[in-house]
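Trainee: Residue numbers (my numbering), protein chains in the order written: chain A, 77 to 393; chain B, 77 to 393; chain C, 77 to 393; chain D, 77 to 393. Where a beta carbon is used, it is the ideal one built from N, C-alpha and C, also for glycine. The structure that follows is given in the form of structure tokens.
Number of protein chains: 4
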Amino acid sequence: MPGTPPTRFVYLGPEGTFAEQALKSIPAAERGSRTPARSVPEALEGVRTGEADSALVPLENSIGGAVGVTLDELAEGEPLVITREVVLPVEFVLAARPGTTLPHVRSVAAHPQASTQCRGWLRAHLPDAVVVDVLSNGAAAAGAAAGEYDAAICAPIGAGRHRLDVLADKIADHPDAVTRFALVSRPGPPPPPTGDDVTSLAVYIAHDRVGALLSVLMELAVRGVNMSRIESRPTGEALGRYVFFLDCAGHVADVRLGEALQGLRRVCADVRFLGSYPRHRFPGTGDRPIPAPAGLSDADYADAAAWLARLRAGDLS
Amino acid sequence: MPGTPPTRFVYLGPEGTFAEQALKSIPAAERGSRTPARSVPEALEGVRTGEADSALVPLENSIGGAVGVTLDELAEGEPLVITREVVLPVEFVLAARPGTTLPHVRSVAAHPQASTQCRGWLRAHLPDAVVVDVLSNGAAAAGAAAGEYDAAICAPIGAGRHRLDVLADKIADHPDAVTRFALVSRPGPPPPPTGDDVTSLAVYIAHDRVGALLSVLMELAVRGVNMSRIESRPTGEALGRYVFFLDCAGHVADVRLGEALQGLRRVCADVRFLGSYPRHRFPGTGDRPIPAPAGLSDADYADAAAWLARLRAGDLS
Amino acid sequence: MPGTPPTRFVYLGPEGTFAEQALKSIPAAERGSRTPARSVPEALEGVRTGEADSALVPLENSIGGAVGVTLDELAEGEPLVITREVVLPVEFVLAARPGTTLPHVRSVAAHPQASTQCRGWLRAHLPDAVVVDVLSNGAAAAGAAAGEYDAAICAPIGAGRHRLDVLADKIADHPDAVTRFALVSRPGPPPPPTGDDVTSLAVYIAHDRVGALLSVLMELAVRGVNMSRIESRPTGEALGRYVFFLDCAGHVADVRLGEALQGLRRVCADVRFLGSYPRHRFPGTGDRPIPAPAGLSDADYADAAAWLARLRAGDLS
Amino acid sequence: MPGTPPTRFVYLGPEGTFAEQALKSIPAAERGSRTPARSVPEALEGVRTGEADSALVPLENSIGGAVGVTLDELAEGEPLVITREVVLPVEFVLAARPGTTLPHVRSVAAHPQASTQCRGWLRAHLPDAVVVDVLSNGAAAAGAAAGEYDAAICAPIGAGRHRLDVLADKIADHPDAVTRFALVSRPGPPPPPTGDDVTSLAVYIAHDRVGALLSVLMELAVRGVNMSRIESRPTGEALGRYVFFLDCAGHVADVRLGEALQGLRRVCADVRFLGSYPRHRFPGTGDRPIPAPAGLSDADYADAAAWLARLRAGDLS
């Protein structure tokens, strides 16, 4: 029900992965129920059917890129909207059963993306260990706990949950790597504008690539709407047909973003609104919203609207 | 007073020129008073001071181009608006006092633009005649009537008014030449939209030419607003500073033209609105309004606005 | 050595997957040696170190999208170039040990992308079977052959190699799904233009997304260069920093693509050339190259170049 | 003959106008013969037929705008090229026969553009004088010398030539008003590039105004070519058909202007080259050429060309 805060949360499991850690950073989720799902489609299906109020799923990673399955699931089926984003530093640890020391590690379980992100560390510290691919960070920790592997690359929360010791922390090659998660709900009025919001869209364009994509960008550019992300995904029909996922600065309730959205609606084959929500801020880093370009502030929009109203009334003074 | 139909008309004189002929094609002017002015500034000043309700002045000629003084006078001083346009075929005649025949014509009085437009005819039919420059078509006719010259190039109305015989008609080299006149009034609510209107603007842009003019055109292009005319005039400050006079298809009351106007207001140094008025139509020529491009019709605008309203309310069905 | 045809090929293994099938469609590879690699980085590293002449790796899938690891590996490290593309229909089969029949299948091994693509079929024909995620199509077939699972979703070549029976073929929900592979070599002169070529690029743009991406597209659009693909990948530095992978119609040796490439080089932070190669054609489907837009054919380019040469010589005839 | 410096000059007469004054500022003309023509067409015809080597005609005035007849004559007929520009301050004086004093002036002869430019001065100092329109500044001075009018508004050179006293100088309302003249010759190799040149063009575009003009500006913008002037003139075919006169920064021999010219040739209905010549500089005013935008300098062009050559040779190092 719109307006009712969500109490039942689902997240991409298993337990002990970054998604659970991200969900716990949301106060309402800290108080509500938290259920792991086996996959992103399962998590979102739980929201669609009403079994859960909100789902926390990964959107993109600063190393691995977009999480395709999340984008595909948001673009198809019953509409869902993002109401909140959480950006979490990706901190990988090497964890093992108590008593294990680094020189004894001969096999390491890791999700392929995790081992890729720690390649430099592994080469330097465990040049002779065998890296075994497993299907999730949580599965890696579980495998190490069960003694199938000597150690696991996993999230700090995974080490704790499986009672593993941390042999080394911050082992990722890019110390600034982050993952961005989305909290997704059934449609309802978006959270109120905060002055520093993001609007996510899935945009389908006609076949001719250069011209059509130029039109999309021009609709945004003439309104001074900045894009912080653009991803393309195949539509599944044929090679060369794409849907673009855009993150734009601004809120659907803003005048200029609203005008740009109407423009996209007119020039695109289809536009799916995926939500307006507060931008995740990084306190203490000088992180702040990008101001509107000259002539495109809200005040400029208000001035132009008032001017047009006067013209229409015949008042040219 | 807005709403009161004009009854006192002033036009670019002298009597017997195309401007008087154009004014007479307007029913209200046919019934009202019609006073010639010695110049375009004088005609417009009459409207500004309230001595006249409306002024008929030339805007452009399909051969000679824009009438610079009219544009300059509209762009400066107290605001005035165009409420109607009249497009008149330019038909030049060679007129002389009764009894004169072509072989006797040795001197022809003509305004320089008129003799330029009849150059081919003069070369073919009066190769030895001296062409004397005078300051208006009316002055040419008056001079011929006074016996100062053997003949005059003038408008048909000028021949009649000065009781001259027409020795040859349709003597212009371009048989399709036309002049476009504007009926100008003090500001007031524009005439209602007809579905085939013109909106005239004076647009001031910042110094960098390519980028700034590109911005102006993009504001129009993304809303599918077509331009039927663009003229540049120096602002008088320095070489390289221009004001652009645009005629756009559409009415200030239209949604998409309104959105484009607001955009121009934001990106331009200044925009002066010069009126929205019905486009002059040429019956029987297949002349009809250019339809809006795909995705930019009024229905498309209404659809996009309704969609945005639903998004804002949280309705994504 | 440039000019020497490759004889030692490596491909993304294990044996029995689509990549091996694609490699075999290339005559030189049919005759040469073919070695499986455990990963895309390993396959490309083999070419970089000179152990292999060429590597066949997946670029994108019409359902799953870009293969991020391939793009990342091409964009970084020692330069490599694509010399050929192979587009292969994705035909999944359900395979099992001889004697197994569909009603007996309770567990199905599948790579997560494969089971995603066959979701509809599985729901209809094996609603009660457990789907077990494994790390490749080849591993699924091997697991079924070893009796770990009742059946596997794999490529036809995988069923044959592991002596499995095909219980059902063409089980993918999108019957037209294809995977596009690239044959990658060390740098050398590109294959000669065929009149229907593709040029692949990795393009880095500055931070402001709308404006910078607009500039890239304008460089292509003014030369009439069509894009058949655009993918964004994070650069790994931070969220919001991307490298764009573009496939453009044309060959680096073409005048107009050459002019566009120079333009990109000037406006982008960096451009990496990833090869010009013949476009994969689909015989019998009416598939043919998109003609150049009006005014942008090679003949138009030649005419403009000749005109400029005349102007520079002072010949305006 | 190309290469031979011109010695026979013609200019827009009569004697004693600004054009003669401008011509005298050119050293070769100071030494050569100088013949007045009665009109711009006559002056240019003299060059076309070979009677004169070069013609000096007005191009535009910072108050009155473009000189339409000059543009029209350059755009039609046998090609001519501008080889030099001269920008002259417009200094109007009030001149009268010796002995006349300001209080006695009751009639003032003036070309209409001249009296327009001095309107403020006339209102302040000669509020009761009658201003009589005449056809040129030279004719005004001649009329005052002949006693037809009490005084004349003319150029300083006109007062001297007709032995008139200057009653008041610098009487124009805009003290910075200038006129720009062009020295026009038969086609030949353009003067060598100076690093601060202007290239003039006449550009014909197809009917749809916004799209076609956008294309023209984009061809310039992507090469960083700045426009210092854009004028539209009717083509004479019908209202709404225009030819655009552009002045672009750069020389036809420059790489980037050459590339832009080729682009215009391809996208426009027609392009007429009107010459490349050194920009008039105003010493002591801080006047200097506008530098190329980032990424569009000659060095950037050379770097991109060298890079493309390497790519084509297969050298990606």
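Mind listing, in chain order, the continuous beta strand (DSSP E) runs of no fewer than 3 residues lying wholly within the region 220-265 of chain B?
Mentor: Here the runs fully enclosed are 227-230, 241-245, 254-261.
Trainee: Using a beta-carbon distance below 7 Å, is Gly-264 of chain A in contact with chain B?
Mentor: Residue 264 of chain A sits at position 188 when you count from the first residue of the first sequence. With 7 Å as the cut-off, Gly-264 of chain A counts as an interface residue toward chain B.
Trainee: Considering Val-343 of chain A, what are the terminal residues of the alpha helix (DSSP H) in which it resides?
Mentor: As a working mapping, residue 343 of chain A is identified with position 267 in the first sequence. Here the alpha helix (DSSP H) through Val-343 of chain A covers 331-343.
Trainee: Keeping to the same chain, check which residues put their C-beta closer than 6 Å to that of Leu-282 of chain D; ignore five residues upstream and five downstream.
Mentor: As a first step, residue 282 of chain D is located in the fourth sequence; it is residue number 206 there, counting from the start. The sequence as given places Ala at residue 282 of chain D; Leu does not occur at that position. Answer for Ala-282 of chain D: Ala-288, Ala-345, listed in chain order.
Trainee: Throw me the rounded Cβ distance for the Val-298 of chain D and Glu-335 of chain C pair, which I believe falls under 8 Å.
Mentor: Locating residue 298 of chain D in the fourth sequence gives position 222, where the first residue counts as 1. Locating residue 335 of chain C in the third sequence gives position 259, where the first residue counts as 1. In fact, because the Cβ distance is near 10 Å, the residues do not count as touching under 8 Å.
Trainee: Decide if the region 89-102 of chain C is in contact with the region 148-164 of chain C; the criterion is three or more beta carbon pairs, one per stretch, under 8 Å apart.
Mentor: Yes, the region 89-102 of chain C touches the region 148-164 of chain C.
Trainee: Go ahead and label Thr-270 of chain B buried or exposed: buried means 16 or more other beta carbons lie within 10 angstroms of its beta carbon, across all protein chains shown.
Mentor: One-based indexing of the second sequence puts residue 270 of chain B at position 194. The residue in question, Thr-270 of chain B, is exposed, as its Cβ has fewer than 16 Cβ neighbours within 10 Å.
Trainee: Looking at the structure shown, is Pro-103 of chain A part of a helix, part of a strand, or coil, going by DSSP?
Mentor: Along the first sequence, read from residue 1 onward, the residue named residue 103 of chain A stands at position 27. Here Pro-103 of chain A sits in helix by DSSP.
Trainee: For the region 133-146 of chain C against the region 172-182 of chain C, are there 3 or more C-beta pairs whose distance is under 8 Å?
Mentor: Not touching, per the Cβ criterion.
Trainee: Is the CB of Phe-349 of chain B under 7 Å away from at least one CB in chain A?
Mentor: Walking along the second sequence from the start, residue 349 of chain B turns up at place 273. It does; some Cβ of chain A falls within 7 Å.
Trainee: In terms of residue numbering, what span does the beta strand (DSSP E) encompassing Glu-161 of chain C cover?
Mentor: Numbered from its first residue, the third sequence carries residue 161 of chain C at position 85. Run containing Glu-161 of chain C: 157-165, per the beta strand (DSSP E) assignment.
Trainee: Using the beta-carbon count (16 or more within 10 Å), is Asp-226 of chain D buried or exposed?
Mentor: Counting from one through the fourth sequence, the residue named residue 226 of chain D turns up at place 150. The residue in question, Asp-226 of chain D, is buried, as its Cβ has 16 or more Cβ neighbours within 10 Å.
Trainee: Count the other CB atoms within 10 Å of the CB of His-180 of chain B; is the residue buried (16 or more) or exposed (fewer)?
Mentor: In the second sequence, counting from the first residue as 1, residue 180 of chain B sits at position 104. So His-180 of chain B counts as exposed.
Trainee: Please name the residue in C:Leu-340, C:Ala-220, C:Glu-224, C:Asp-249 whose C-alpha comes closest to that of Gly-236 of chain C.
Mentor: Here residue 236 of chain C refers to the residue found at position 160 when the third sequence is read from its first residue. Out of C:Leu-340, C:Ala-220, C:Glu-224, C:Asp-249, C:Ala-220 has the C-alpha closest to the C-alpha of Gly-236 of chain C.
Trainee: Using a cut-off of 8 Å between C-beta atoms, extract the partners of Leu-240 of chain B located in chain D.
Mentor: The count along the second sequence starts at 1 and reaches residue 240 of chain B at position 164. Those within 8 Å of Leu-240 of chain B in chain D number zero; the least Cβ separation is about 23 Å.
Trainee: Alpha helix (DSSP H) containing Asp-129 of chain C: first to last residue?
Mentor: For the purposes of this step, residue 129 of chain C is identified with residue 53 of the third sequence, where counting begins at 1. Counting along the chain, Asp-129 of chain C falls outside any alpha helix (DSSP H), and DSSP gives it neither H nor E.
Trainee: For Pro-112 of chain C, would you say it is in contact with chain G, using Cβ-to-Cβ distances shorter than 7 Å as the test?
Mentor: Chain labels in this structure do not include chain G; the protein chains are A, B, C and D.
Trainee: Rounded to a whole number of angstroms, what is the C-alpha to C-alpha distance between Ala-380 of chain B and Arg-357 of chain C?
Mentor: As a position in the second sequence, residue 380 of chain B is number 304, starting the count at 1. As a position in the third sequence, residue 357 of chain C is number 281, starting the count at 1. Near 40 Å, if we compare the C-alpha coordinates of Arg-357 of chain C and Ala-380 of chain B.
Trainee: Do you know whose CA, among D:Ala-105, D:Ile-247, D:Val-331, D:Gly-89, lies nearest Asp-129 of chain D's CA?
Mentor: For the purposes of this step, residue 129 of chain D is identified with residue 53 of the fourth sequence, where counting begins at 1. Considering only alpha carbons, the answer is D:Ala-105.
Trainee: At the level of alpha carbons, what is the spacing between Gln-248 of chain B and Leu-202 of chain B?
Mentor: Locating residue 248 of chain B in the second sequence gives position 172, where the first residue counts as 1. Locating residue 202 of chain B in the second sequence gives position 126, where the first residue counts as 1. It should be pointed out that residue 248 of chain B corresponds to Ala in this sequence rather than to Gln. Near 14 Å, if we compare the C-alpha coordinates of Leu-202 of chain B and Ala-248 of chain B.
Trainee: Cβ closer than 7 Å: which chain A residues qualify as neighbours of Ser-308 of chain C?
Mentor: Residue mapping note: residue 308 of chain C aligns to position 232 of the third sequence, counting from 1. Neighbours of Ser-308 of chain C on chain A, chain order: Ile-306, Glu-307, Ser-308.
Trainee: Could you please give the first and the last residue of the uninterrupted alpha helix (DSSP H) stretch that includes Asp-148 of chain D?
Mentor: Taking the first residue of the fourth sequence as 1, we reach residue 148 of chain D at position 72. From DSSP, the alpha helix (DSSP H) with Asp-148 of chain D extends over 144-151.
Trainee: Under DSSP, the alpha helix (DSSP H) around Ala-378 of chain B begins and ends at which residues?
Mentor: As a position in the second sequence, residue 378 of chain B is number 302, starting the count at 1. Counting along the chain, the alpha helix (DSSP H) containing Ala-378 of chain B begins and ends at 374-389.
Trainee: CB Gly-351 of chain B to CB Ile-233 of chain B, shorter than 7 Å?
Mentor: Translated into positions along the second sequence, residue 351 of chain B becomes position 275. Translated into positions along the second sequence, residue 233 of chain B becomes position 157. Not in contact: Gly-351 of chain B and Ile-233 of chain B (Cβ atoms no closer than 7 Å).
Trainee: Do you know offhand how far Ser-444 of chain C's Cα is from Gly-300 of chain C's?
Mentor: Residue numbering for chain C in the displayed model covers 77 to 393; residue 444 of chain C lies beyond these limits and cannot be assessed.
Trainee: Select from the region 127-141 of chain D all residues with a C-beta closer than 9 Å to any C-beta belonging to chain B, and list them in chain order.
Mentor: Those would be Glu-136, Asn-137, Ser-138, Ile-139, Gly-140, Gly-141, in chain order.
Trainee: Could you tell me the alpha carbon to alpha carbon distance between Leu-293 of chain A and Arg-110 of chain A, rounded to whole angstroms?
Mentor: The residue labelled residue 293 of chain A in the question sits at position 217 within the first sequence. The residue labelled residue 110 of chain A in the question sits at position 34 within the first sequence. About 39 Å.
Trainee: Between Asp-209 of chain B and chain D, is the shortest Cβ-Cβ distance under 7 Å, so that the two count as touching?
Mentor: By 1-based counting over the second sequence, the position of residue 209 of chain B is 133. Taking Cβ atoms only, chain D reaches closer than 7 Å to Asp-209 of chain B, which makes this a yes.
Trainee: Pick from D:Pro-134, D:Val-86, D:Asn-137, D:Pro-155: whose alpha carbon is nearest that of Glu-118 of chain D?
Mentor: Within the fourth sequence, residue 118 of chain D is the residue found at index 42, counting from 1. It is D:Val-86 whose Cα lies nearest to the Cα of Glu-118 of chain D.
Trainee: So if I threshold CB-CB distances at 8 Å, which residues from the region 285-300 of chain B count as touching chain D?
Mentor: So the close ones are Arg-285, Val-286, Gly-287, Leu-289, Leu-290, Leu-293, Met-294, Leu-296, Ala-297.
Trainee: Assuming Leu-120 of chain D and Leu-156 of chain D make a contact with CB atoms under 8 Å, what is their CB distance in whole Å?
Mentor: Reading the fourth sequence from its first residue, position 44 is the one you call residue 120 of chain D. Reading the fourth sequence from its first residue, position 80 is the one you call residue 156 of chain D. About 6 Å; that satisfies the 8 Å criterion.
Trainee: What are the boundary residues of the alpha helix (DSSP H) that includes Leu-188 of chain D?
Mentor: Taking the first residue of the fourth sequence as position 1, residue 188 of chain D is located at position 112. The question names Leu, but residue 188 of chain D in the sequence shown is Pro. Note, Pro-188 of chain D: alpha helix (DSSP H), 188-193.
Trainee: Only counting the same chain, and skipping five residues up and downstream in sequence, which positions put a Cβ closer than 8 Å to that of Glu-136 of chain A?
Mentor: Here the question's residue 136 of chain A lines up with position 60 in the first sequence. So the qualifying residues of the chain are Ala-142, Val-143, Thr-255, Arg-256, Arg-305, Glu-307.
Trainee: For Glu-307 of chain A, report the span of its beta strand (DSSP E) as first-last.
Mentor: Here residue 307 of chain A refers to the residue found at position 231 of the first sequence. Glu-307 of chain A -> beta strand (DSSP E) spans 303-310.
Trainee: So Leu-387 of chain D and Val-328 of chain C are in contact, right, with Cβ under 8 Å, and what is the actual spacing, rounded?
Mentor: Numbered from its first residue, the fourth sequence carries residue 387 of chain D at position 311. Numbered from its first residue, the third sequence carries residue 328 of chain C at position 252. Correct: roughly 5 Å between the Cβ atoms.
Trainee: For Val-279 of chain A, which of helix, strand or coil comes out of DSSP?
Mentor: The residue given as residue 279 of chain A occupies position 203 in the first sequence. Strand.
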